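**Q** Numbering (mature numbering (1 follows the signal peptide of the UniProt record, and there is no 0)), first residue to last: -26 to -1, 1 to 454. Sharing a structure below in structure tokens format, with a few things to ask.
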């Protein structure tokens, strides 16, 4: 049996077998070193954002932080906006995919026409029929119903390249959503640890104020008894006033971080409060030989790579403009002067057609658009490579900061213990009359500064751990 070779058959086969013009995508190389300078045992990584992420904040062992993280997932407005943008991008892919298929429509009409002199009045009855009269000439009714279809076969791949670009942009939007989620989580953790640091400093300031009040009272009593100069009292009062000022500043700092946390969980600061709690100062250790897959989790790298793929597809879209566009149309329906006899074989109508269009002269407009698309792709490649370099820099910076801050913390802890011991010794010697009050003031100030420095070092280590997790694009799971 031989198939009839109609124009529709030929063009359909051409559309199915047609190829997409323009360059096929291949991921360019990225400037990745063989190993990380600040962490031996690491291997180079390539972008791949489909890996599972753990709930990294649980590594800090703080149940309050865990609860806040659950709230930020559903209430943070930046995450909600990024999720909406992702849904828009997915909808655009579906919309553009529909262009691959024919468009089918239907229409119907009822008209009354006449010729010669006179006029006519038309009445539309409830059953759809018409009636009327004329004062001269001839008039008739015409009824028509048709089903039509049109199709522009994607012979040169313009639509397929457009879909390819939209799909890549949707994947980039998904990576943007992951980036927004990670950024909100990291900002929440950093603000939370800074708030707990402020609370620890408030407790330190309050204890210091209480101690200085006792010192002021002792100095006042000694001055009143004439056994100590007024300068001792003034020095003690100066210490107390400075400690009170520090306490007020720390209270303001805590309030600022509480307001920031409220914003991150999607609440007005006036409706949100966070109870003072013990500071869980756990700092998760960086696992030795962190696998390169952690770097692959960075959503900004995934987004940059997908936008590079979209830019490559846009080159094909513009190249397709050099080729003619084809369209096929067809319709089938009925037309009659009698409504009751409309749907019948004698009144059937059909049509088929094909058309082609090609731009003959555009004075270089198409060439300019192709050049623009290629330049946009080159820009996307450079941005992708810069994103990879920035990611590597972030990891290196946070690794060295983690190592240095761990050493600094040990020194701050030893210094605080030594300052506390020195303060106690000087106080005892002062009470024995062996040193002056100036020595007491100096020892108290040194101990106070060392305690604050230790609290700050603890918060810096936690915040650096958060920054390292963000630079890796997510958390690691501790080995069993």
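A virtual CB, placed ideally from N, CA and C, is assigned to each residue, including glycine. As the structure is a prediction and not an experimental result, all values here were calculated from the model.
My output table needs one value for residue -2: the three-state DSSP class, helix, strand or coil.
**A** As a position in the chain shown, residue -2 is number 25, starting the count at 1. Coil.
**Q** I need the boundaries of the alpha helix (DSSP H) containing residue 342, first residue and last residue.
**A** For the purposes of this step, residue 342 is identified with residue 368 of the chain shown, where counting begins at 1. Note, residue 342: alpha helix (DSSP H), 339 to 405.
**Q** By Cβ distance, which residues of its chain are closer than 8 Å to residue 202, with the 5 residues on each side in sequence left out?
**A** Translated into positions along the chain shown, residue 202 becomes position 228. Within the same chain, residue 202 has close Cβ partners 193, 196, 411.
**Q** Which residue from 65, 120, 63 puts its Cα closest to that of residue 309?
**A** On the chain shown, position 335 is the one that residue 309 refers to. Nearest option by C-alpha distance: 120.
**Q** What's the C-alpha gap between residue 382 and residue 274?
**A** Within the chain shown, the letter at position 408 stands for residue 382. Within the chain shown, the letter at position 300 stands for residue 274. Cα to Cα, residue 382 sits roughly 32 Å from residue 274.
**Q** Go ahead and pull the three-state DSSP assignment for residue 329.
**A** The sequence position of residue 329 within the chain shown is 355, counting from 1. DSSP places residue 329 in strand when its eight states are reduced to three.
**Q** Is the number of C-beta pairs between the stretch 347 to 361 and the stretch 287 to 294 that are closer than 8 Å three or more?
**A** yes
**Q** How is residue 25 classed by DSSP in three states: helix, strand or coil?
**A** Here residue 25 corresponds to residue number 51 of the chain shown, with the count starting at 1. Confidence in residue 25 is poor, its pLDDT being 48 and thus under 50, which makes the residue's placement too unreliable to answer from.
**Q** What number of angstroms, rounded off, separates the C-alpha of residue 88 from the C-alpha of residue 118?
**A** Counting from one through the chain shown, the residue named residue 88 turns up at place 114. Counting from one through the chain shown, the residue named residue 118 turns up at place 144. So the alpha carbons of these two residues sit roughly 17 Å apart.
**Q** Do residue 67 and residue 144 have their C-beta atoms within less than 7 Å of each other?
**A** Stepping through the chain shown from its first residue, residue 67 is reached at position 93. Stepping through the chain shown from its first residue, residue 144 is reached at position 170. Cβ distance < 7 Å, so residue 67 and residue 144 count as in contact.
**Q** Is it true that the CB of residue 231 sits closer than 7 Å to the CB of residue 162?
**A** To locate residue 162, count along the chain shown from 1; it is residue 188. To locate residue 231, count along the chain shown from 1; it is residue 257. Against a cut-off of 7 Å, the Cβ pair of residue 231 and residue 162 comes out as no contact.
**Q** By DSSP, does residue 80 sit in helix, in strand, or in coil?
**A** What you label residue 80 is simply residue 106 of the chain shown in a count that begins at 1. Residue state, collapsed to three classes: strand.
**Q** Is the stretch 51 to 71 in contact with the stretch 142 to 160, if contact means three or more CB pairs nearer than 8 Å?
**A** yes
**Q** Could you work out which residue in 330, 278, 318 is closest to residue 300 when comparing CA atoms only?
**A** Here residue 300 refers to the residue found at position 326 when the chain shown is read from its first residue. Checked all of 330, 278, 318; the closest Cα to residue 300 is 330.
**Q** In this structure, how does DSSP classify residue 301 when only helix, strand and coil are distinguished?
**A** To locate residue 301, count along the chain shown from 1; it is residue 327. Reduced to three states, the DSSP call for residue 301 is strand.
**Q** Starting from residue 155, follow the alpha helix (DSSP H) in both directions and report where the run begins and ends.
**A** On the chain shown, position 181 is the one that residue 155 refers to. From DSSP, the alpha helix (DSSP H) with residue 155 extends over 132 to 198.
**Q** List the residues that DSSP assigns as beta-bridge partners of residue 321.
**A** Along the chain shown, read from residue 1 onward, the residue named residue 321 stands at position 347. Answer by DSSP bridge pairing: none, since residue 321 is not bridged.
**Q** Hey, could you find the ends of the beta strand (DSSP E) residue 119 is sitting in?
**A** Numbered from 1 along the chain shown, position 145 holds the residue referred to as residue 119. Element bounds for residue 119: 112 to 125.
**Q** Mapping DSSP to helix, strand and coil, what is residue 271?
**A** Locating residue 271 in the chain shown gives position 297, counting from the first residue. Coil at residue 271, not helix or strand.
**Q** Would you mind working out which of 357, 305, 199 sits nearest residue 277, comparing C-alpha positions?
**A** The count along the chain shown starts at 1 and reaches residue 277 at position 303. Closest by alpha carbon: 357.
**Q** Bridge partners of residue 306, per DSSP?
**A** Numbered from 1 along the chain shown, position 332 holds the residue referred to as residue 306. Note: residue 306 sits in a beta bridge opposite 121, 324.
**Q** Taking its Cβ as the centre, do 16 or more other Cβ atoms sit within 10 Å of residue 186, making it buried, or is it exposed?
**A** The residue given as residue 186 occupies position 212 in the chain shown. Classification for residue 186: buried.
**Q** What separation, rounded to the nearest whole angstrom, lies between the Cα atoms of residue 173 and residue 434?
**A** Position 199 of the chain shown, counted from the first residue, corresponds to residue 173. Position 460 of the chain shown, counted from the first residue, corresponds to residue 434. Distance between the alpha carbons of residue 173 and residue 434: 15 Å.
**Q** Under the criterion of a Cβ to heavy atom distance below 6 Å, does residue 439 qualify as lining the ligand ZN?
**A** As for the ligand ZN, it is missing from this structure, which has no ligand bound.
**Q** What whole-angstrom Cβ distance do residue 5 and residue 363 have, given they're in contact under 8 Å?
**A** Residue numbering aside, residue 5 sits at position 31 when the chain shown is read from its first letter. Residue numbering aside, residue 363 sits at position 389 when the chain shown is read from its first letter. With 8 Å as the limit, residue 5 and residue 363 qualify as a contact, their Cβ atoms being about 6 Å apart.
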